[in-house]
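Residue numbers (the numbering used here), protein chains in the order written: chain A, 1 to 252; chain B, 1 to 314. Here a beta-carbon is modelled for each residue, glycine too, at the ideal position from N, C-alpha and C. This one's a predicted model, so the numbers in the text were calculated from it and none came from an experiment. Contents: one structure, followed by commentary.
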């Protein structure tokens, strides 16, 4: 299994996709954090002021912007085997396909965690000097730490969803477009419409929001630990799906 | 470990795509230490069969074993069996990194990667992106992938596809070396008999998913026949049939003699005092035999090809 995980990391690092997506994730996190901090002193924004401790977790939650990039990275990680038909040498080398999927899940959870660490550092690098110079303080304890760790866990767990979706759809473009539509159109609609917003907390997005909750006003969410368990559940179902689908299908 | 030195036994393999039977109750054996040509027109089911042998496609019926084991049960398959199926790689990844992914997965030392790259003559291009490789280089990278585990058994699907004449010559020499000098068992598919005729010991011929012939090249060709031209052909025919030798006459003055060599026919003519204008050995035209064996299957083969994802894409 160690060899298989090393194999997956070699596949990951021998193309440039991971780098571009990491740059994208870092830029998005820096952008979100900057917008939050920049508008904080605008009374119209509804945000706490820049020296208010309540602003810190909101700014730090920008690190979870890595979610979409980690989902795309893990979708590419599995669909490229079908797109470029390297599934053939991969399964010739390891005919017990479930082991390949486990190695991919481990690899992309680790990669997802690494992305989360990078985006957390980026957000801290933006927030600490800005808030300090505005007379506030960024403490890395209590709620702030929970937001960072919960967010990082959410980012890492989304990689399981990416591998599962990739194994299900197989078509790289289709899988990525589908996920983007879900994350940026379908979930926000469910979250925003009063008739459906009570279901939002049971969706991956709701679970993620609960994990990295900042106590800002928003829809009803689960407790942080419940959100974490729910997202782990989604991840495991997705991983199981990935394994079952890969075992049964012919490879051409 | 493989038993029987890696004999490949295919028994009753069957696979349908929709209404089309791509492979229909197919059985044959690949003897260890031999080079076997797996022949048939495009769409005859060769690729599907090879993918079933290698556990990539699950058969509807029957099974295939290599050295007594199904491929998917081998613990370290690429150390026993190397396969080249339509070389596939990520275009943004270098040839060397492509191989390093599989050496890691198989627990092989990374030194093997540079060894096989040198073996197939790809060392200088190893660090370039595989997307920029020529067709010949892609086939070489495919071969390098197959050789990574230094396997006893090699399975190659249309390895000459897209190669230029120089590449085909190189490939023939390379396969001969792997088989004769290194004693490996090789199963190589092709839709052209001429492409593998000089390399293979045995042939398995497939048409429309069914076995049409299995045996050595000599068995396929049948015994040589003798061609005779004589102004007194009828008298000679009479003399030969009197000795129990089969003779047919395709045109006046020409005899085709089966089951006798040129000295026998010459002696019979001399004894009977018959003048001869030509006495020669008529070699069987293998291409013609192959064409005849697989002819009439084209229409069916066409629909099988359409139903077979790989061969229709190729």
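Inter-residue spacing [alpha-carbon to alpha-carbon] between residue 310 (chain B) and residue 248 (chain A): Position 310 of the second chain, counting from 1, holds the residue named residue 310 (chain B). Position 248 of the first chain, counting from 1, holds the residue named residue 248 (chain A). Residue placement at residue 310 (chain B) is poorly supported in this model, since its pLDDT is 42, which falls under 50; the coordinates still yield a value, given next. Cα to Cα, the separation comes out at about 18 Å.
CB contact below 7 Å: residue 276 (chain B) versus chain A: The sequence position of residue 276 (chain B) within the second chain is 276, counting from 1. It does not; no Cβ of chain A falls within 7 Å.
Residue 389 (chain B) and residue 15 (chain B) closer than 7 Å at C-beta: Any answer about residue 389 (chain B) is impossible in this case: the structure gives chain B only from 1 up to 314.
Under the three-state DSSP convention, the category residue 218 (chain B) falls into: What you label residue 218 (chain B) is simply residue 218 of the second chain in a count that begins at 1. Here residue 218 (chain B) sits in helix by DSSP.
Closer than 8 Å at the beta carbon, the chain B residues around residue 73 (chain A): The residue you call residue 73 (chain A) lines up with position 73 of the first chain. Chain B residues near residue 73 (chain A): none, gap ~15 Å exceeds 8 Å.
Integer-rounded CB distance, given that residue 117 (chain B) should sit under 8 Å from residue 126 (chain B): Taking the first residue of the second chain as 1, we reach residue 126 (chain B) at position 126. Taking the first residue of the second chain as 1, we reach residue 117 (chain B) at position 117. The Cβ separation is near 5 Å, so the contact holds.
Chain E residues whose Cβ lies nearer than 8 Å to that of residue 3 (chain A): Among the protein chains of the structure shown, namely A and B, there is no chain E.
Any C-beta of chain B under 7 Å from that of residue 251 (chain A): Looking up residue 251 (chain A) in the first chain gives position 251. Yes, residue 251 (chain A) lies at the interface with chain B (some Cβ there is under 7 Å from its Cβ).
Residue-chain proximity (residue 49 (chain B), chain A), Cβ-Cβ < 7 Å: On the second chain, position 49 is the one that residue 49 (chain B) refers to. No, its Cβ sits nowhere closer than 7 Å to a Cβ of chain A.
Residues near residue 193 (chain B) in its chain [Cβ-Cβ closer than 8 Å; skip 5 each side]: Counted from its first residue, the second chain places residue 193 (chain B) at position 193. The residues are 37, 39, 203, 286, 287 and 290.
Chain B contact residues for residue 91 (chain A), given Cβ-Cβ distances below 7 Å: Within the first chain, residue 91 (chain A) is the residue found at index 91, counting from 1. What residue 91 (chain A) touches in chain B: 56.
Per-residue contacts from residue 65 (chain B) into chain A (C-beta, under 9 Å): Within the second chain, residue 65 (chain B) is the residue found at index 65, counting from 1. Within 9 Å Cβ-Cβ: nothing; residue 65 (chain B) doesn't reach chain A, min ~14 Å.
Closer than 7 Å at the beta carbon, the chain B residues around residue 170 (chain A): As a working mapping, residue 170 (chain A) is identified with position 170 in the first chain. Residues of chain B passing the Cβ test: none, with the nearest at roughly 12 Å.
Per DSSP, cross-strand counterpart(s) of residue 204 (chain B): Along the second chain, read from residue 1 onward, the residue named residue 204 (chain B) stands at position 204. DSSP output for residue 204 (chain B) lists B:38 and B:214 as bridge partner(s).
Three CB pairs or more closer than 8 Å across the segment 225-236 of chain B and the segment 268-278 of chain B: yes
Euclidean distance between Cα positions of residue 86 (chain B) and residue 23 (chain B): Within the second chain, the letter at position 86 stands for residue 86 (chain B). Within the second chain, the letter at position 23 stands for residue 23 (chain B). Distance between the alpha carbons of residue 86 (chain B) and residue 23 (chain B) is about 19 Å.
Any 3 or more C-beta pairs closer than 8 Å across the segment 97-116 of chain A and the segment 144-156 of chain A: yes
Assumed close pair residue 148 (chain A), residue 63 (chain A) - CB separation to whole angstroms, cut-off 8 Å: The residue labelled residue 148 (chain A) in the question sits at position 148 within the first chain. The residue labelled residue 63 (chain A) in the question sits at position 63 within the first chain. Going by Cβ atoms, the distance from residue 148 (chain A) to residue 63 (chain A) rounds to 7 Å, so yes, they are a contact pair.
Within chain B, partners of residue 16 (chain A) - CB distance below 8 Å: As a first step, residue 16 (chain A) is located in the first chain; it is residue number 16 there, counting from the start. Per Cβ cutoff of 8 Å: 92.
Cα-Cα separation between residue 305 (chain B) and residue 121 (chain A), rounded to whole angstroms: Counted from its first residue, the second chain places residue 305 (chain B) at position 305. Counted from its first residue, the first chain places residue 121 (chain A) at position 121. Confidence in residue 305 (chain B) is poor, its pLDDT being 42 and thus under 50, which makes the residue's placement unreliable; the coordinate value appears in the next sentence. In a straight line, the C-alpha of residue 305 (chain B) is about 55 Å away from that of residue 121 (chain A).
Cβ shell of residue 73 (chain B) (< 7 Å), same chain only, five flanking positions each side left out: Walking along the second chain from the start, residue 73 (chain B) turns up at place 73. Nothing meets the Cβ criterion.
Contact list for residue 85 (chain B) against chain A, beta-carbon separation under 7 Å: In the second chain, residue 85 (chain B) corresponds to position 85, counting from 1. By Cβ distance, chain A contributes 88.
Residue 171 (chain A): first and last residue of the uninterrupted alpha helix (DSSP H) it sits in: By one-based count along the first chain, residue 171 (chain A) stands at place 171. Per DSSP, residue 171 (chain A) belongs to no alpha helix (DSSP H) and is neither H nor E.
Residue 245 (chain A) Cβ short of 6 Å to the ligand MN heavy atom set: Summarising the ligand content, the structure contains no ligands, and the ligand MN is consequently not present.
For residue 126 (chain A) and residue 30 (chain A), the rounded distance between their alpha carbons: Stepping through the first chain from its first residue, residue 30 (chain A) is reached at position 30. Stepping through the first chain from its first residue, residue 126 (chain A) is reached at position 126. Distance between the alpha carbons of residue 30 (chain A) and residue 126 (chain A): 7 Å.
Residue 62 (chain B): first and last residue of the uninterrupted alpha helix (DSSP H) it sits in: Taking the second chain and counting its residues from 1, the one referred to as residue 62 (chain B) is at position 62. Careful: residue 62 (chain B) lies outside any alpha helix (DSSP H), inside the beta strand (DSSP E) at 61-66.
Endpoints, beta strand (DSSP E) assigned at residue 26 (chain A): Here residue 26 (chain A) refers to the residue found at position 26 of the first chain. Taken as a continuous stretch (DSSP letters only), residue 26 (chain A) belongs to no beta strand (DSSP E), being part of the alpha helix (DSSP H) at 17-39.
Cutoff 7 Å: residue 99 (chain A) Cβ touching any chain B Cβ: Within the first chain, numbered from 1, the residue matching residue 99 (chain A) stands at position 99. It does not; no Cβ of chain B falls within 7 Å.
Per-residue DSSP class, three states only, for residue 115 (chain B): Taking the second chain and counting its residues from 1, the one referred to as residue 115 (chain B) is at position 115. It is helical.
Neighbour-count burial assignment, residue 144 (chain B), 16 or more Cβ in a 10 Å radius: Locating residue 144 (chain B) in the second chain gives position 144, counting from the first residue. It counts as buried.
Residues of its chain near residue 70 (chain A), where Cβ-Cβ distance is below 6 Å and the 5 sequence neighbours each way are ignored: If you number the first chain from 1, residue 70 (chain A) lands on position 70. Only 112, 115, 155, 158 and 159 meet the Cβ criterion.
Spatial distance of residue 300 (chain B) from residue 164 (chain B) (CA atoms): If you number the second chain from 1, residue 300 (chain B) lands on position 300. If you number the second chain from 1, residue 164 (chain B) lands on position 164. Low local confidence applies: a pLDDT of 46 at residue 300 (chain B) is under 50, so the model's placement there is unreliable, with the coordinate-based value given in what follows. Their Cα atoms are separated by approximately 30 Å.
Short CB-CB distance (under 7 Å) between residue 246 (chain A) and chain B: Position 246 of the first chain, counted from the start, is the residue given in the question as residue 246 (chain A). No - not a single Cβ of chain B is within 7 Å of the one on residue 246 (chain A).
Cα-Cα separation between residue 223 (chain A) and residue 199 (chain A), rounded to whole angstroms: To locate residue 223 (chain A), count along the first chain from 1; it is residue 223. To locate residue 199 (chain A), count along the first chain from 1; it is residue 199. About 15 Å.
Test item: CB-CB of residue 146 (chain B) and residue 64 (chain B) under 7 Å: Looking up residue 146 (chain B) in the second chain gives position 146. Looking up residue 64 (chain B) in the second chain gives position 64. No, these two residues do not count as a Cβ contact at 7 Å.
DSSP beta-bridge partners of residue 157 (chain B): Start at 1 with the first residue of the second chain, and residue 157 (chain B) comes out as number 157. B:85 and B:189.
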